[in-house]
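First up is the structure itself, then whatever we jot down about it.
In UniProt numbering, the protein residues as written are 1 to 115.
Structure representation (structure tokens):
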């Protein structure tokens, strides 16, 4: 067991910094993919950003979580991308992307660790 800055003990196999980094990377992949597509007018470039960061997250989740949660988180990432499109028709493009990105990051923090 290691000690966290608050003094609480964290399991030895959990790296809180890696969990936060992967959650941020997942949100960044969704936001960055949208921004790249929107501001360069190149949907393929946005797809490359989205896929590259998504694959990096999937690899990280596979290393830090059991296979089931890692697969679920990868599904959440893909569903967030797909779900942002109909949501954007209701709330706007940027609010939609930010909402699904926050949800994906929260899911990553909740599920993306070894138990």
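Beta carbons are placed, not taken as given, at the ideal position from N, Cα and C, and that holds for glycine.
Asked                                                                                                                                                           : Found
Residue 113: buried (16+ other C-beta within 10 angstroms of its C-beta) or exposed?                                                                            : buried
DSSP three-state label for residue 42, please.                                                                                                                  : coil
Is the CB of residue 61 under 9 Å away from at least one CB in chain B?                                                                                         : Absent from the structure: chain B. Only one protein chain is present.
What does a CB cutoff of less than 7 Å around residue 36 pick up in its chain, not counting 5 residues either side in sequence?                                 : 45, 46, 49
Sorted by chain position, which residues of the same chain lie with C-beta nearer than 8 Å to residue 40's C-beta, five sequence neighbours on each side aside? : 46
How about residue 87 and residue 20: do their beta carbons lie closer than 9 Å?                                                                                 : no
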